[in-house]
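Numbering (our numbering), first residue to last: 34 to 219.
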Amino acid sequence: MSDEVKNTATQTDEENISEAEVNQKTEKSEKTSKAKKPKVNAEAEKLKGELEAQKELLMRTAAEFDNFKKRTEREKLHTAEYAKASIVKELLPVLDNAARALAVDPNSPDYAKGIEMIVKQMRGLVDSLGLVELAEVGDSFDPQIHEAVMHIEDQEKGENEITQVLQQGYKLGDTIIRPAMVQVAN
34 MSDEVKNTAT
44 QTDEENISEA
54 EVNQKTEKSE
64 KTSKAKKPKV
74 NAEAEKLKGE
84 LEAQKELLMR
94 TAAEFDNFKK
104 RTEREKLHTA
114 EYAKASIVKE
124 LLPVLDNAAR
134 ALAVDPNSPD
144 YAKGIEMIVK
154 QMRGLVDSLG
164 LVELAEVGDS
174 FDPQIHEAVM
184 HIEDQEKGEN
194 EITQVLQQGY
204 KLGDTIIRPA
214 MVQVAN
């Protein structure tokens with residue numbers, strides 16, 4: 034055989050061997066990847082399942098929170114309605130007495146006495162509710178709870194002393210319902 038034929042035969046054998054080796058490596062790689070694919074797919078499915086479970090838990094929690102907010106709002110409205118009804122129930126006797134006073138002749142001596150009784154009844158009611166008056170003549174002026182609408186100069190009075198209460202102010206607990214309108218000296 035000639036050298037050329039030997040070289041060609043050797044090249045062909047080398048090519049066949051390298052093709053065979055490549056095929057073997059490819060088959061091994063495919064087998065390995067096929068073996069890995071079920072593991073990867075199983076893990077992916079497991080993670081998808083966990084994700085779905087977390088999504089469902091989140092949706093349920095969001096729905097529960099929404100229901101809680103609605104229930105709380107309804108309870109708040111119910112409580113406010115109950116408080117209003119309770120106060121109105123206590124005001125009804127005062128309203129009844131005021132209606133009776135309107136039926137009496139204003140020139141009658143009992144008329145002034147009836148009005149006095151209504152005012153006394155009303156004061157008793159607001160006191161029982163915890164309503165506190167904010168101003169008295171002689172108190173020191175406080176801009177947080179008083180509103181000065183008039184000012185006078187009087188040497189006998191102290192600095193920022195209330196000399197007249199024009200409209201009483203009220204406070205319920207820590208809440209100022211209405212500031213008192215007052216006249217202040219100096």
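Note that CB positions come from ideal geometry on N, CA and C, so glycine has one too.
In the three-state scheme derived from DSSP, where H, G and I count as helix and E and B as strand, VAL217 is classed as strand.
Across the structure, GLU166 and TYR203 are spaced so that their CA atoms are roughly 5 Å apart. Excluding residues up to 5 positions away in sequence, nothing lies with its Cβ nearer than 7 Å to the Cβ of LYS79 in the same chain. The continuous alpha helix (DSSP H) containing VAL152 extends over residues 142-161.
Under a 10 Å Cβ-count criterion, ILE195 is classified as buried, with 16 or more other Cβ atoms of the shown protein chains found around its own Cβ. Shortest Cα-Cα distance from GLN177 to any of ALA96, MET155, ILE209, GLN87 involves ILE209. Per DSSP, the beta bridge partners of LYS204 are VAL165, ILE209. Under the DSSP assignment, VAL182 falls in the beta strand (DSSP E) whose first and last residues are 179-185. For GLU78, the secondary structure class from DSSP, reduced to helix, strand or coil, is helix. Between ALA134 and ILE148, the beta carbon gap of about 6 Å places them in contact (Cβ cut-off 8 Å). For GLY163, the closest alpha carbon among the candidates ALA132, LYS146, GLN188, GLY206 is that of GLY206. Excluding the 5 residues flanking it on each side, VAL170 has same chain C-beta neighbours closer than 8 Å at ILE195, THR196, GLN197, VAL198, in chain order. Secondary structure at GLN188: coil, using DSSP grouped into helix, strand and coil.
Taking the CA atoms as reference points, PRO212 sits about 26 Å from GLU189. Taken through DSSP and simplified to helix, strand or coil, VAL198 comes out as strand. Put simply, the backbone Cα of VAL127 is about 36 Å away from that of ALA218. With respect to the C-alpha of HIS184, the residue from GLN201, VAL215, ASP160 having the closest C-alpha is VAL215.
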